[in-house]
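Please read the structure below before turning to the comments.
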Amino acid sequence: MHTIEESDAGKEAVTQAVEVLKTFYGGAAFLQKAAYVPPNSDREGKTVADRAPEVFDEDYKGSQEASKGIIGLLNVILSDFGRTETTVGEAEKDAQTAFKKFEGETKTSISDKEALVKTKEGEVEKVQQAIVDAKDAIKSATDLKATSLQELEKLSAMCVDGTESYAERKEQREKEIAALKEAITILDEWKD
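Each residue of the sequence shown is one higher than the one before, counting from 1 in full-length UniProt numbering.
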């Protein structure tokens, strides 16, 4: 943008310079002509009249021949400014188009990534809840195991860890059976 502004300012300045020169030198001097070689001229293209000293009979209007070169140079500069303006303008349009495309792609990418972040955050929350649930389940299972082991220990003491051997228990059982049979006999006799 800065280059275009400078180009416009330069173009305007050169246009003003051309107008000033046209005003000073007059309109007829600006016709671009091929170099004229007068007849009977020397190697440099000068005649005897050209070599004669100049006499000022009228107002000085500047060097009309030299003005053609200056005006031509200024016209070239004007066309250069115009070309610069066109080239930079096209480059700027291309850059603007590329920027718009990049900006659109970037915004799309950002929104996609933000959506992905939200999805992942939701998944993280679910996984964290699953971890909490699993820890609770482990604690419950550990507590149940401890309670079961305590109960097993109590039952084991009653059943397996007794001080009696198998033979002693068998003998005890037989005594209990005999006592029960005797109780049945007593009850049967009492009824009669």
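Every residue gets a Cβ at the ideal spot worked out from N, C-alpha and C, and that includes glycine.
The way I'd put it, the segment 7-21 doesn't touch the segment 101-109; fewer than three beta-carbon pairs between them come closer than 8 Å. Contact check for Glu90 and Ile4: beta-carbon distance about 11 Å, past the 8 Å limit, so the pair fails to qualify. Taking 8 Å as the cut-off, the beta carbon of Leu74 is found closer than this to the beta carbon of Val18. In this structure, the beta-carbon distance from Val88 to Ser7 falls below 8 Å. Around the beta-carbon of Phe81, 16 or more other beta-carbon atoms lie within 10 Å, marking it buried. A straight-line Cα-Cα distance of about 14 Å links Leu155 and Ala146. DSSP places Glu125 in the helix class (H, G or I) of the three-state scheme. When the Cα atoms are used, Gln172 and Ala130 turn out to be separated by approximately 56 Å. Between the alpha carbons of Gln150 and Leu144 lies a distance of about 10 Å.
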